[in-house]
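Right, one structure below, let's go through it.
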Amino acid sequence: MSGKALLEVHGLTAKVAGVEILKGIDLSVRSGQVHAIMGPNGSGKSTFAKVLAGHPAYEVTGGEVLFEGRNLFDRTPEERARAGLFLGFQYPVEIPGVTNSSFLRLAYNTVQGARGRDELDPLEFDDYVQDKLKLLDMDPAFLERSVNEGFSGGEKKRNEILQLAILEPTLAILDEADSGLDIDALRIVANGVSRLRSPDNAVILVTHYQRLLNYITPDYVHVMDDGRIIKTGDKELALELESRGYDWVADEYRSRQAA
Amino acid sequence: MSTVLQNLVNQPYRHGFVTDIESDVVPKGLSEDVIRLISRKKNEPEWLLEFRLQAYRHWLTMREPNWPNVKYPKIDFQDISYYSAPKAKKKLASMDEVDPELLRTFEKLGVPMHEQKALAGVAVDVIFDSVSVTTTYKHRLAEVGVVFCSFSEAVRDHPELVRRYLGSVVPPGDNFYAALNSAVFTDGSFCYIPKGVRCPMELSTYFRINTQESGQFERTLIVAEDSSYVSYLEGCTAPKFDTNQLHAAVVELVALDHAEIKYSTVQNWYAGDEKGVGGIYNFVTKRGLCRGVNSKISWTQVETGSAITWKYPSCVLLGDNAIGEFYSVALTNHHQQADTGTKMIHIGRNTRSTIVSKGISAGVSNNSYRGLVKIGANAGNARNYSQCDSMLIGDKCGASTFPYIQVNNSTAQVEHEASTSKIGEDQLFYFAQRGIGAEEAVSMIINGFCRDVFTQLPMEFAVEATKLLGLKLEGSVG
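Heads up: the protein sequence lines correspond to chains L and G, in order.
Numbering-wise (the numbering used here), the first sequence opens with residue 1 and increments by one.
Numbering-wise (the numbering used here), the second sequence opens with residue 260 and increments by one.
As structure tokens, then:
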């Protein structure tokens, strides 16, 4: 298998507010790969993404996750981010009063600093960010607005991908990056993600629908149900899910378990 | 509330400190005899004693206000000593003797060395760039005729000015605490800007000759003659160590024709511990009178300390075309309570006022904005714009807004906007996911929130205020 091991998940269980949501997840992601995680609402897809990023509301109850060979869970959320793990949020929060430009620059410089690279001053950063804006077909005026405040759903999603482009993480987990986007915005977001792919990084797309996968071809498609990955296939599986729904996968899984 | 937030807001006050000063103390209790004694000790003229006695007699008929949105045990006014002249403070020989914790605070706030020494009470001839700062500024002010001295000196050297303006903005019987202050005030600052003079430097209480403590009943009077300008900075961002629980100061500003006064405060008094024990009650009456045409008074305050803050820096816009401004940041943490705001009283025609208030609540604190905009019957074309924003950090604190608007002239325009936002777990997680730790995140959000006010502060003050807010909310994150 080519690429190096980025993420190794073994028997991961986690709960939120006392309820167990993840019931034993196994997943292996290597650099250069794109994985899609699909599944019905409430199957635990978003929880899995948030647990990896370290959201404080979720409690890991068992299993192990290695990121680039090191235990992920002994690191704080900001340490995970600085180490190159990026979560594109399904619902990015609004931060009134903080301009996008100062937020993006602080995030960039913090991550750069952690990688032992030079920080950029405001002018240098502006040059850097202008190129990224073009990549996502975004208006520079956007930088002077408060982070996500008053943004449309599509603008918020594009802002997430802009941050992805700026921070250049090793592993990007995009949680419903396509929800609420019209077809043009979807193409822009998808093209942005595609152009950021490299042999050194990997992407996990958490998605409900397969339409995003028309633009970004996944190497693996996983189906999640009731806190577990119950089936893994290639992009054909996504098309099959689109036409047949999820129930048959769950039925198949149950009969396999019974056997 | 998450542990991160809890740690962040449950930080101990870092500047606890015991002063050991020998004082010349009058026995506890308040009576006409005590007031006569204070006046005698200060060698005051008869008219000033009379001013005090009248205030005292009026105070006896008044009752403590109970309308503010704050709670505290009843104050026993007979259990307070009303005169405590600090004898010359024991000077420290060098910075090595200063509490290292205090030095760290100075360092964090970026207070210049010569100011650090003055604030810490180190004996120095304040030498900076080979010239004594104190001497330089005295010369510069004297050249243009600006008077800037302690209130006691003003009573001695400029009695006619003090007599003309004292109580002209805040009458002795104005309110319970102002009456108490008028009866027993011990010292404070006096500032007089002659006609046509633009004060060549920002006047700061750092550099007042009399650096002794002004005590708990401080009196400030600033008079700006026609076409003059002054910017006055009160207090400083370094912690003020004080054992007095009750502070009831009075500040009066008078702006004559075309005069402008800019008054900035950054207050960081002891706020009590995280359980709400101790801390200063800051019950202050601050008011500016725009007496002349085209006069302007601007209040900017950053309130971060005190267990209870009760203050409403106000503007009485008497002269036509007068302008009043109020820019405020009030931060409360732990058990702190603040009921603060302003009053804009429009009397003259074409008067304008602007109110920008930013309240930040953390811990289990309670932060209220209370403001009055009153447009008098003759205040044609008066305009007011008010903006009151509250920010909550965590979910156990409170914020309230009490705007009072009274309009008696149909040509007036009054606008009021209010908002409430919250720094929650999800915002901090969003920052964290981009590599930014909780302290930096909170500081960035707070600074964004306060920007409209900070831009009104003189430059060095703005920098210190920014750092101060960070310091007040800083914590061991984990």
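Ideal placement from N, C-alpha and C gives every residue a C-beta, glycine not left out.
Taking only the alpha-carbon atoms, compute the straight-line gap between residue i and residue j and give it to the nearest angstrom.
{"i": "G113 (chain L)", "j": "E723 (chain G)", "result": "26 Å"}
{"i": "D579 (chain G)", "j": "N553 (chain G)", "result": "6 Å"}
{"i": "S473 (chain G)", "j": "S409 (chain G)", "result": "The predicted position of S473 (chain G) is uncertain, since its pLDDT is 46 and thus under 50; no value can be drawn from it."}
{"i": "G328 (chain G)", "j": "V428 (chain G)", "result": "At residue 328 (chain G) the sequence reads Asn, which differs from the Gly that was named. The alpha-carbon atoms of N328 (chain G) and V428 (chain G) are separated by roughly 25 Å."}
{"i": "P246 (chain G)", "j": "Y315 (chain G)", "result": "For chain G, the structure presents residues 260 to 737; residue 246 (chain G) sits outside this window and is missing."}
{"i": "V98 (chain L)", "j": "E168 (chain L)", "result": "22 Å"}
{"i": "D338 (chain G)", "j": "G547 (chain G)", "result": "32 Å"}
{"i": "N469 (chain G)", "j": "L85 (chain L)", "result": "Note on N469 (chain G): pLDDT 34, under 50, position unreliable in the model; no value is reported."}
{"i": "F713 (chain G)", "j": "K726 (chain G)", "result": "12 Å"}
{"i": "G432 (chain G)", "j": "H317 (chain G)", "result": "6 Å"}
{"i": "N325 (chain G)", "j": "S43 (chain L)", "result": "56 Å"}
{"i": "A671 (chain G)", "j": "S612 (chain G)", "result": "12 Å"}
{"i": "N434 (chain G)", "j": "V673 (chain G)", "result": "27 Å"}
{"i": "G447 (chain G)", "j": "H55 (chain L)", "result": "53 Å"}
{"i": "D685 (chain G)", "j": "V403 (chain G)", "result": "56 Å"}
{"i": "G564 (chain G)", "j": "S340 (chain G)", "result": "23 Å"}
{"i": "F466 (chain G)", "j": "E477 (chain G)", "result": "Bear in mind that the predicted position of F466 (chain G) carries a pLDDT of just 44, short of 50, making it too unreliable to give a figure here."}
{"i": "A36 (chain L)", "j": "S179 (chain L)", "result": "15 Å"}
{"i": "A621 (chain G)", "j": "E176 (chain L)", "result": "34 Å"}
{"i": "L439 (chain G)", "j": "E78 (chain L)", "result": "53 Å"}
{"i": "E419 (chain G)", "j": "I481 (chain G)", "result": "14 Å"}
{"i": "L136 (chain L)", "j": "A107 (chain L)", "result": "19 Å"}
{"i": "G537 (chain G)", "j": "I652 (chain G)", "result": "23 Å"}
{"i": "N706 (chain G)", "j": "A53 (chain L)", "result": "27 Å"}
{"i": "S102 (chain L)", "j": "K521 (chain G)", "result": "30 Å"}
{"i": "D485 (chain G)", "j": "Y644 (chain G)", "result": "27 Å"}
{"i": "L576 (chain G)", "j": "F125 (chain L)", "result": "47 Å"}
{"i": "L289 (chain G)", "j": "R399 (chain G)", "result": "42 Å"}
{"i": "V29 (chain L)", "j": "F89 (chain L)", "result": "20 Å"}
For a quick check, are the C-beta atoms of residue i and residue j less than 8 Å apart?
{"i": "N592 (chain G)", "j": "K731 (chain G)", "result": "yes"}
{"i": "V193 (chain L)", "j": "L181 (chain L)", "result": "no"}
{"i": "L164 (chain L)", "j": "A172 (chain L)", "result": "yes"}
{"i": "S624 (chain G)", "j": "H594 (chain G)", "result": "yes"}
{"i": "R117 (chain L)", "j": "M138 (chain L)", "result": "no"}
{"i": "D711 (chain G)", "j": "V632 (chain G)", "result": "no"}
{"i": "V561 (chain G)", "j": "V509 (chain G)", "result": "no"}
{"i": "V51 (chain L)", "j": "L22 (chain L)", "result": "yes"}
{"i": "A566 (chain G)", "j": "A518 (chain G)", "result": "no"}
{"i": "G32 (chain L)", "j": "P199 (chain L)", "result": "yes"}
{"i": "G657 (chain G)", "j": "A638 (chain G)", "result": "no"}
{"i": "V9 (chain L)", "j": "V203 (chain L)", "result": "no"}
{"i": "L716 (chain G)", "j": "T559 (chain G)", "result": "yes"}
{"i": "T599 (chain G)", "j": "K570 (chain G)", "result": "yes"}
Please check the pair residue i and residue j, which I expect to be a contact at CB under 8 Å, by giving their CB distance rounded to whole angstroms.
{"i": "V489 (chain G)", "j": "C549 (chain G)", "result": "V489 (chain G) to C549 (chain G), Cβ: 14 Å. No contact."}
{"i": "P92 (chain L)", "j": "N148 (chain L)", "result": "5 Å"}
{"i": "D234 (chain L)", "j": "V223 (chain L)", "result": "Their Cβ separation, rounded to whole angstroms, is 12 Å, which puts D234 (chain L) and V223 (chain L) out of contact at 8 Å."}
{"i": "M603 (chain G)", "j": "C647 (chain G)", "result": "About 13 Å separates the two Cβ atoms, so there is no contact after all."}
{"i": "A691 (chain G)", "j": "A81 (chain L)", "result": "7 Å"}
Over the uninterrupted beta strand (DSSP E) stretch that includes residue i, give me the two end residues.
{"i": "A483 (chain G)", "result": "E477 to A483"}
{"i": "Q672 (chain G)", "result": "Q672 to I682"}
{"i": "K134 (chain L)", "result": "Careful: K134 (chain L) lies outside any beta strand (DSSP E), inside the alpha helix (DSSP H) at P122 to L135."}
{"i": "V262 (chain L)", "result": "Here chain L comprises residues numbered 1 to 259, so residue 262 (chain L) is not present and cannot be evaluated."}
{"i": "T544 (chain G)", "result": "Y540 to C549"}
{"i": "W528 (chain G)", "result": "Neither: W528 (chain G) is in no beta strand (DSSP E) and is coded neither H nor E."}
{"i": "W248 (chain L)", "result": "Premise fails: W248 (chain L) lies in the alpha helix (DSSP H), D247 to A258, not in any beta strand (DSSP E)."}
{"i": "S620 (chain G)", "result": "R611 to S620"}
{"i": "A190 (chain L)", "result": "Run containing A190 (chain L): none in the beta strand (DSSP E); it sits in the alpha helix (DSSP H), I183 to L196."}
{"i": "R642 (chain G)", "result": "R642 to I652"}
Please report the residue range of the alpha helix (DSSP H) in which residue i lies.
{"i": "K441 (chain G)", "result": "Per the sequence presented here, residue 441 (chain G) reads as Ser, with Lys not at that position. First-last of the alpha helix (DSSP H) with S441 (chain G): F435 to V443."}
{"i": "N159 (chain L)", "result": "G153 to L167"}
{"i": "L577 (chain G)", "result": "Segment: none, L577 (chain G) is in no alpha helix (DSSP H) and carries neither H nor E."}
{"i": "G113 (chain L)", "result": "N100 to A114"}
{"i": "T47 (chain L)", "result": "K45 to A53"}
{"i": "W306 (chain G)", "result": "E305 to L319"}
{"i": "Y424 (chain G)", "result": "P418 to Y424"}
{"i": "D711 (chain G)", "result": "A697 to F713"}
{"i": "D292 (chain G)", "result": "E291 to K300"}
Original post:
Does the segment 236-255 of chain L come within contact of the segment 213-228 of chain L, defined as at least 3 CB pairs closer than 8 Å?
Top reply: Touching, yes, given that three or more Cβ pairs across the two stretches are closer than 8 Å.
Original post:
Does the pairing of the segment 697-706 of chain G with the segment 116-124 of chain L give three or more beta-carbon distances under 8 Å?
Top reply: The segment 697-706 of chain G vs the segment 116-124 of chain L: no contact.
**OP:** Inspect the CB distances between the segment 15-27 of chain L and the segment 40-59 of chain L and report whether three or more fall short of 8 Å.
**Re:** Judged by Cβ distances under 8 Å, the segment 15-27 of chain L makes contact with the segment 40-59 of chain L, as three or more pairs qualify.
Subject >> Cβ contact check for the segment 687-699 of chain G and the segment 648-668 of chain G: 3 or more pairs under 8 Å >> reply: In short, these stretches do not touch, since the Cβ pair count stays below three.
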